[in-house]
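Peer 1: In the order they appear, the protein sequences are chains A and B.
Numbering follows our numbering, in which position 65 of the first sequence is assigned residue number 65; successive positions increment by one, without gaps.
To convert, count from 1 in the second sequence and add 1000; that's our numbering.
The beta-carbon is built from N, C-alpha and C at its ideal position, and this holds for glycine as well.
Right, I'll just put the structure down here and ask away after.
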Amino acid sequence: AQRVTQPEKLLSVFKGAPVELKCNYSYSGSPELFWYVQYSRQRLQLLLRHISRESIKGFTADLNKGETSFHLKKPFAQEEDSAMYYCALSEGTNFGNEKLTFGTGTRLTIIP
Amino acid sequence: DSGVTQTPKHLITATGQRVTLRCSPRSGDLSVYWYQQSLDQGLQFLIQYYNGEERAKGNILERFSAQQFPDLHSELNLSSLELGDSALYFCASSVGQGVNYGYTFGSGTRLTVV
C-alpha cells in the first residue's frame, strides 16, 4: 500500500533562511506527488505538482525516485510562509480514481 | 472562492445524534472526496465518488455514509455521533478524467460533538 511520510511535525526557521520540508513515499508504481498548504486552519490549497515542475511562491520540489523523496524547498523563508504543509501521493492516472494519500503534515513557523 | 462549497461551516450537536454535511463540487468536476481532519489523526481519507458511483473507500466508520447525487453534489451522513467524531470535515473535487491536476478543497465543516 502507498504511504507518505513527513518526518517533521514541527519546523521553525528564521526569516531569510532556507527551508526544506521533507517528504518520503512508498509506492510500487509510478506516483504523482503534490504539496498542499493550509494557512490558519483554512482550506487546503494546492501548492505545486511534481509533473508541472513549477515554482510557486518561491517553493520548488524535485521528485527523486531513487530516494523516493519529494522534499519541498525555498531558498529564503518569509513570514507569510508560516502554515501547515502536506505532502500527498496519487496512484497515477486511473480514470475516475485520483485518490490522494496525505502525509501527517509539517507545521512550519517562520521566526521574524 | 475555490468553487467547492461546503455547508454548514460549523455544526454543534449532541452525542447520539445524526448530521448531514453537504458539498457542491467545482463546476465540471466529476469526482468528490471526503476527508476528516483531526488534531491527532491528521488528514484521513473517508470516501470518494465519481459521477454518482462510489469509487474508493478509506477509513470510514460504519456509522458514516455518503452519496453523490445526479447533480454531482455529495452528502456525508454521520450518525450515532460520538465525542471522538469532532473534527474538521473537508470535501474536495477533481476533474476525474484520467489526469490528476490535484484537488480543489472546500473550506470544511467544523463538527463539534458535545
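Measuring straight from C-alpha to C-alpha, what distance separates GLN1037 (chain B) and GLY16 (chain A)?
Peer 2: The residue you call residue 1037 (chain B) lines up with position 37 of the second sequence. The residue you call residue 16 (chain A) lines up with position 16 of the first sequence. The alpha-carbon atoms of GLN1037 (chain B) and GLY16 (chain A) are separated by roughly 31 Å.
Peer 1: Need the endpoints of the beta strand (DSSP E) that ILE111 (chain A) sits in, please.
Peer 2: Taking the first residue of the first sequence as position 1, residue 111 (chain A) is located at position 111. 106–111 is the span of the beta strand (DSSP E), which, as asked, contains ILE111 (chain A).
Peer 1: Please classify ILE1047 (chain B) as buried or exposed, where buried requires at least 16 other C-beta atoms within 10 Å of its C-beta.
Peer 2: Numbered from its first residue, the second sequence carries residue 1047 (chain B) at position 47. Buried.
Peer 1: Going by beta-carbon coordinates alone, are LEU126 (chain A) and TYR36 (chain A) separated by less than 7 Å?
Peer 2: Here chain A has residues from 1 to 112 only, and residue 126 (chain A) is not among them.
Peer 1: Say whether chain B places a C-beta atom closer than 7 Å to the C-beta of PHE102 (chain A).
Peer 2: Translated into positions along the first sequence, residue 102 (chain A) becomes position 102. Yes, because at least one Cβ of chain B sits closer than 7 Å to the Cβ of PHE102 (chain A).
Peer 1: Okay, do the region 1078–1098 of chain B and the region 102–110 of chain A touch, 3+ Cβ pairs below 8 Å being the bar?
Peer 2: Output reads no: the region 102–110 of chain A does not touch the region 1078–1098 of chain B.
Peer 1: Assess contact between the region 4–18 of chain A and the region 1057–1076 of chain B, defined as three or more Cβ pairs (one per stretch) separated by less than 8 Å. Is contact present?
Peer 2: Flag = no, the region 4–18 of chain A and the region 1057–1076 of chain B do not touch.
Peer 1: Quick one: residues in its chain with C-beta nearer than 6 Å to the C-beta of GLY1052 (chain B), no 5 flanking neighbours on either side, listed in chain order?
Peer 2: As a working mapping, residue 1052 (chain B) is identified with position 52 in the second sequence. Contacts found: GLN1068.
Peer 1: Going by the CB atoms, is the gap between LEU1076 (chain B) and LEU1021 (chain B) shorter than 7 Å?
Peer 2: Within the second sequence, numbered from 1, the residue matching residue 1021 (chain B) stands at position 21. Within the second sequence, numbered from 1, the residue matching residue 1076 (chain B) stands at position 76. Yes; because the gap between Cβ atoms is below 7 Å, this pair is in contact.
Peer 1: Determine the chain B residues that contact TYR86 (chain A) at a beta-carbon separation under 9 Å, and present them in chain order.
Peer 2: As a working mapping, residue 86 (chain A) is identified with position 86 in the first sequence. Near TYR86 (chain A) (Cβ distances below 9 Å), the residues of chain B are GLY1042 and LEU1043.
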